[in-house]
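Scroll down for the structure; my scribbles are underneath it.
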Amino acid sequence: MKAIAVGVLAASFVSAFALVVHISPARAGEDGVFAVHISHQATARMVRNALEGAAQRLERPRCQELFDRYADAEGQPLRASLERAGVSGAAYLSLLVFYDGSRKPRCARDGTFAAAEAGSRIVWICPESFRRLAWSDPGTAEVVVIHEALHSLGLGEDPPSSREITARVSSACLQ
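If you're matching positions, the sequence shown starts at 44 in the numbering used here and goes up one per residue.
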């Protein structure tokens, strides 16, 4: 009986270890592995490209200042959320999960490229509008990804408005 319990425990440990290795914060973002669950291949590729570009932008000190500038609902800077997760802003992008949001009401609004709830690691991509944006202005598609990452870390909206967030991300990260 003891051997079976040890075997089950060992198998559980191996499974847990595999999961940790797959999403390990130390590796997050290093190898371009992002959780993009979008079946339309062109859209998925454009989201991955935007994630790669956003990760590079988030390596810059000026862009990283966004994590100190904005706070969550409790008034804690977003950097505190990153520290609790044990990752940098760039690596945090690998902890987000991207889905097709075409059936979400938010994606029916003009000018909406993606959506995330404050504190949720799920980002809904509005495929048609995101593809058009990524095709015509890849830098702004990267800004959209960073904008949604800020929401995921706990930033609410209204205030600041979506436009204000995008403008600040653009100013800090596109330079």
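In this text, a Cβ means the ideal position worked out from N, Cα and C, and glycines have one as well. Fair warning: this is a prediction, and the values are worked out from it, not measured in the lab.
Taking its Cβ as the centre, do 16 or more other Cβ atoms sit within 10 Å of residue i, making it buried, or is it exposed?
i	result
E191	buried
H80	exposed
K129	Looking at the sequence provided, one finds Gly at residue 129 rather than Lys. Exposed.
A133	buried
D143	buried
Q84	exposed
G96	buried
A210	exposed
Whole-angstrom Cβ separation of residue i and residue j, contact assumed at under 8 Å?
i	j	result
V166	L139	5 Å
V90	F156	Not really, about 10 Å apart at Cβ, beyond 8 Å.
V186	S205	Not a contact, Cβ separation roughly 12 Å.
Would you kindly check if the distance between the Cβ of residue j and the Cβ of residue i is under 7 Å?
i	j	result
A177	A93	yes
G182	L217	yes
D111	R122	yes
R149	A158	yes
S195	R164	yes
S33	P170	In this structure the chain extends from 44 to 218, so residue 33 is not present and cannot be described.
L215	R105	The residue asked about is misnamed: residue 215 is Ala in this sequence, not Leu. In this structure, R105 lies closer than 7 Å to A215 by Cβ.
T86	R174	yes
For residue i, report the span of its beta strand (DSSP E) as first-last.
i	result
V166	165 to 168
Using CA coordinates, which residue listed in the options is at the minimum distance from residue i?
i	options	result
Y135	R174, R105, A78	A78
P202	S179, S172, A184, Y113	Y113
E102	I189, E207, I208, E200	I189
G162	R88, Q107, P120, A184	P120
Can you name the start and end residues of the alpha helix (DSSP H) that residue i belongs to?
i	result
H194	181 to 195
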